[in-house]
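Some notes on the structure that comes next.
Laid out in structure tokens, this is it:
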């Protein structure tokens, strides 16, 4: 069995994806840029800076933005997001997550988080998940966005493991690619057509125990 499991946060452990969409949508509305759910799919597993660049790329007016403008936009987006997630509770933990984390603990498997979100520690605290994690790597600690493997390589290091001893659980193709680039096996949460790089794909965390790969 793997010695460590590294989880993504949004869409894997907690249902925060809708809050990110609402926050980006609020910013886009302020900037008068059309932004749809389909556009939002392109932001999955992508850093906030890269996500903003994608959103601004939808602006067909020819406007240009300075780095100061972009910093302000990111703050506005984050303010919207924080206003939404401050009400998070354990009820927002996705089905099957507690069972999976409890199983890993009973098997003495180390548990880490590898997320692009700078709000990851806050979210873990609000939902009561912090106690399960041996290491948390978030957007405050890495500058390279997925599919760059930095977040997972740093996670393995924090767990005092080598990459081949780690399994990653992700819901985005960029995240799955990051795991592959890190030399780790990866389980995708979602649909196979959207996660071609995953070693195995399941519909939800409810199936985690059934598919965890053994060495």
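In the working numbering, the protein residues as written are 3 to 217.
Where a beta carbon is used, it is the ideal one built from N, C-alpha and C, also for glycine.
Remember, predicted model here, so these are calculated numbers, not experimental data.
**Study point:** Cβ-based neighbour list, residue 216, same chain, cut-off 6 angstroms, excluding 5 preceding and 5 following
**Key:** Locating residue 216 in the chain shown gives position 214, counting from the first residue. Residue confidence for residue 216 is low, a pLDDT of 46 falling below 50, so the modelled location carries little weight; the figure read from the coordinates is stated next. Counting only Cβ-Cβ distances below 6 angstroms, and skipping sequence neighbours, we find 3.
Review point. Shortest alpha-carbon distance to residue 11 belongs to which of 194, 208, 173 and 37?
Key: As a working note, residue 11 is residue 9 in the chain shown. Selected option, being the one with the closest Cα: 173.
Review point. Is the Cβ-Cβ distance between residue 5 and residue 163 less than 7 angstroms?
Key: To locate residue 5, count along the chain shown from 1; it is residue 3. To locate residue 163, count along the chain shown from 1; it is residue 161. Their beta carbons are under 7 angstroms apart, which means residue 5 touches residue 163 by this criterion.
Exercise for review: Take every Cβ of the segment 121-133, pair it with every Cβ of the segment 25-32, and state whether three or more of those distances are shorter than 8 angstroms.
Suggested key: no
Point to revise | Cβ-based burial, residue 166 [other Cβ within 10 Å; buried from 16] | key: Residue 166 sits at position 164 when you count from the first residue of the chain shown. Exposed, by the Cβ-count rule.
Review point. With a CB to CB cut of under 7 angstroms and the five nearest residues on each side skipped, what residues in its chain are close to residue 123?
Key: If you number the chain shown from 1, residue 123 lands on position 121. Once the five neighbours on either side are set aside, the close Cβ partners of residue 123 are 138 and 140.
Check your understanding: Can you name, in chain order, every residue of its own chain whose Cβ lies under 8 angstroms from the Cβ of residue 32, other than the five neighbours on each side?
Key -> Residue 32 sits at position 30 when you count from the first residue of the chain shown. Closer than 8 angstroms at the Cβ level, and outside the excluded window around residue 32, lie 78.
Practice item. Determine, using beta carbons only, whether residue 178 and residue 209 come nearer to each other than 7 angstroms. Key: Locating residue 178 in the chain shown gives position 176, counting from the first residue. Locating residue 209 in the chain shown gives position 207, counting from the first residue. Not closer than 7 angstroms, so no.
Review point. Residue ranges of each alpha helix (DSSP H) run of no fewer than 4 residues wholly in the segment 173-204, ordered along the chain?
Key: 175-183
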